[in-house]
Amino acid sequence: MAIKEPGVLLVVEDDTAMRSLICDEFWDLGLRIVEAGDGDEALERITEQTPDLIVTDLRMPAGGLDYVARLRTLAPQCPIILMTAFGDPSVRTEALQAGVTAYFSKPVRMSELKAAVIDALDHKTEATD
């Protein structure tokens, strides 16, 4: 799998081991990876530089659906891939209505997450061409 134009990936996850696993998975795609350990840190990173894609946990310090809405406000064109271990159909619906590009229940299959990242980045590239 390859990305047409690699960019900046923001990975937001409060579980250090999970964040490290996700970052390791995407390292070979040529992306510049920026990490954040909670929602507040993610919002700070976005004000420093708007990423090309955000992969984020939902339930973490300073997380939740209001956090997703703040992400969308600060980075309106940025695809957001959301992961949660505490989701149900109503959370999924609300997240998609809030502008999430893709939604995954944990445990996440890395191959599916990687495919979603590549797809989101490729669609973003096509939209800017």
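Following the working numbering, the numbering of the sequence shown begins with 173 at its first residue and continues without gaps. Beta carbons: idealized from backbone N, C-alpha and C, even for Gly. These numbers were taken from a predicted model, which means no experiment stands behind them.
Per the coordinates, the alpha-carbon of Ile253 lies some 17 angstroms from the alpha-carbon of Ala234. The DSSP assignment places complete alpha helix (DSSP H) segments of no fewer than 4 residues inside the region 200-254 at 211-220, 237-246, in order along the chain. Phe258 is classed as exposed because its beta carbon has fewer than 16 other beta carbons within 10 Å across all chains shown. Sequence-distant Cβ neighbours of Val280 in its own chain, meaning closer than 7 angstroms and more than five residues away, are Met255. Scanning its chain for C-beta atoms nearer than 6 angstroms, with the 5 sequence neighbours on each side dropped, one finds around Val272 the residues Ile252, Leu254, in chain order. Between Met190 and Asp210, the C-beta gap is not smaller than 7 angstroms, which leaves the two residues out of contact.
Judged by their CB atoms, Val183 and Glu220 are not nearer to each other than the 7 angstroms cut-off. Of Glu216, Ala292, Tyr275, Glu185, the smallest CA-CA separation from Leu246 is found for Glu216. For Thr256, DSSP records a beta bridge to Ser277.
Non-local C-beta neighbours of Asp260 in its own chain, meaning closer than 6 angstroms and more than five positions away in sequence, are absent. In the structure shown, the three-state DSSP call for Val263 is helix.
Taking 7 angstroms as the cut-off, the beta carbon of Ala287 is found no closer than this to the beta carbon of Ala274.
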